[in-house]
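Enquirer: Reminder that position 3 of the sequence shown reads as 7 in my numbering, one-by-one numbering, no gaps.
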Amino acid sequence: GPVIQALLQEVIMLLGMVDITDLPLSSLVKEFMPQKQRGKCPFPNGNIFEGLLFNNLPSGPGTYTFPNGNTYSECTMYNGKFEGEYVYKLSNGDTVTGMKRNGKDEGFRMYEFNNGQVHFETMTDGILHGPCKIEYPNGQFEFLWYEGGAKSGPYVFVHDIETVEIGNYANGHRVERITYRSPPKKK
């Protein structure tokens with residue numbers, strides 16, 4: 005049934021992490037063990053994984069390259085899906101560093117734009133969900149919340165040391181806001 009299939013897939017993934025060449029196993033056992041080697045695995049969409057292959061599927065560390073030049077470097081795949089830490093470099097100069105679980109972004113992710121803007125994001129099941137901080141190249145920054153991929157709820161935007169904006173997002177748009185300014189300093 006499905007439980008046995010899931011367990012078998014887990015065993016195959018774990019075997020892919022073990023180098024059996026030095027283990028004292030009989031040649032018969034080694035013959036039937038899944039094969040692990042370094043190489044390239046092209047995908048029908050033109051993407052290419054270069055790294056550790058397990059039964060000709062990407063399963064281990066390597067580099068995943070798209071036809072447009074974007075690459076997942078320092079990534080790991082198991083049974084053809086991303087798993088663990090990665091660095092994703094876009095051809096436009098943007099860089100994303102994060103974690104994948106079962107092929108989807110999960111947990112903390114840092115998105116560095118080529119213009120100097122940096123997003124510190126929280127991902128759940130491949131979707132922006134949770135707290136986020138955005139740092140802008142001009143020194144401004146914003147604390148906000150994502151829910152289901154859209155900006156939602158309260159935010160704080162710091163314009164400069166004297167000006168702070170507080171408000172709410174709804175459906176990804178600012179719907180309420182109040183700006184606080186420090187009173188001028190007395191001389």
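Where is the CB? At the ideal position from N, CA and C, for every residue including glycine.
Nothing here was measured: the structure is a model prediction, and the numbers come from that model.
Could you give the distance in angstroms between the alpha-carbon of Gly152 and the alpha-carbon of Tyr173?
Expert: Computed Cα separation, rounded: 13 Å.
Enquirer: Which value, in whole angstroms, describes the spacing of the CA atoms of Asp164 and Gly143?
Expert: Near 7 Å, if we compare the C-alpha coordinates of Gly143 and Asp164.
Enquirer: With a threshold of 16 other CB atoms inside 10 Å of the CB of Phe47, please say whether the residue is buried or exposed.
Expert: With fewer than 16 Cβ atoms within 10 Å of its Cβ, Phe47 is classed as exposed.
Enquirer: Assuming Gly102 and Asn118 are in contact, meaning their beta carbons sit under 8 Å apart, how far apart are those beta carbons, in whole angstroms?
Expert: At roughly 18 Å, the Cβ-Cβ gap does not stay under 8 Å, so Gly102 and Asn118 are not in contact.
Enquirer: Figure out for me which residue from Val122, Glu110, Cys45 and Ile52 has the closest Cα to the Cα of Glu146.
Expert: Here the closest residue by C-alpha is Val122.
Enquirer: Our contact map puts Thr80 next to Thr67 with C-beta atoms below 8 Å; I'd like the distance itself, whole angstroms only.
Expert: Contact doesn't hold; Cβ gap of about 11 Å is too wide.
Enquirer: Using the rule of at least 16 other Cβ atoms within 10 Å of the residue's Cβ for burial, across every protein chain shown, is Arg42 buried or exposed?
Expert: Flag for Arg42 reads exposed.
Enquirer: Asp129 bridges to which residues according to DSSP?
Expert: In DSSP, Asp129 forms no bridge with anything.
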